[in-house]
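Participant: Just so we're aligned: 784 in our numbering is position 46 of the sequence shown, and the numbers increase by one with no gaps anywhere.
No residue lacks a Cβ here, since even glycine has one placed at the ideal position from N, Cα and C.
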Amino acid sequence: MNAPLVRGMEACMSATAATASGVVHEIEPEALWVQLESSHDLVLDVREPREFLGGHVPSARNVPLGAIAAQAAGLLSEGRRIVIACEHGKRALKAADVLLGAGLRSEILVLAGGTARWRKAGLPTEH
């Protein structure tokens, strides 16, 4: 990747949000889309299954917010960077807080603006 693109992607990940367990960085939808082709990120969609089935980020795994604590141990063992998505970002921040509180030390990012912003940007979804 060339340097200007890398700097641009870093800028897209500079926003932060505070949770009870620490600070979580946000990633813009366009930056995530570019990275999905070349990364091994784990994208978690913490919406309810009916919302998830209505359209989600390609390759996302559905783990509803209410189930995130029960699945934290399995996520801890994966060791990959985790991007958390929901419709607008609030549930994703709660999920990040749960994972940080459970001791997850992988990098955690929240999809800025959630899947609503993803769709607004015209990015593809899976159903």
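(1) Please confirm if the region 798-816 is in contact with the region 767-774, defined as three or more CB-CB distances below 8 Å between the two stretches.
(2) Count the other CB atoms within 10 Å of the CB of Leu791; is the residue buried (16 or more) or exposed (fewer)?
(3) Give me the Cα-Cα distance between Leu861 and Thr853, rounded to the nearest whole angstrom.
(4) What first and last residue would you give for the alpha helix (DSSP H) that runs through Asp783?
(5) Going straight from the alpha carbon of Glu864 to that of Gly839, what length do you get?
(6) Should Val762 be flagged as near chain D, meaning a C-beta pair shorter than 7 Å?
(7) Can you tell which of Trp856, Cys824, Leu814 has the C-alpha that lies nearest to the C-alpha of Ser844?
(8) Kindly list the residues whose CB is nearer than 6 Å to the CB of Ala798, restricted to its own chain and excluding five residues on each side of it in sequence; keep chain order.
Facilitator: Based on what the coordinates show:
(1) no
(2) Translated into positions along the sequence shown, residue 791 becomes position 53. It counts as exposed.
(3) To locate residue 861, count along the sequence shown from 1; it is residue 123. To locate residue 853, count along the sequence shown from 1; it is residue 115. Roughly 10 Å between the two C-alpha positions.
(4) Reading the sequence shown from its first residue, position 45 is the one you call residue 783. Element bounds for Asp783: not the alpha helix (DSSP H) but the beta strand (DSSP E), 780-783.
(5) Position 126 of the sequence shown holds residue 864. Position 101 of the sequence shown holds residue 839. Cα-Cα distance, rounded: 30 Å.
(6) Judged by its chain identifiers, the structure shown contains no chain D, having just a single protein chain.
(7) Along the sequence shown, read from residue 1 onward, the residue named residue 844 stands at position 106. Among Trp856, Cys824, Leu814, the Cα nearest to that of Ser844 belongs to Leu814.
(8) Walking along the sequence shown from the start, residue 798 turns up at place 60. So the qualifying residues of the chain are Val781, Asp783.
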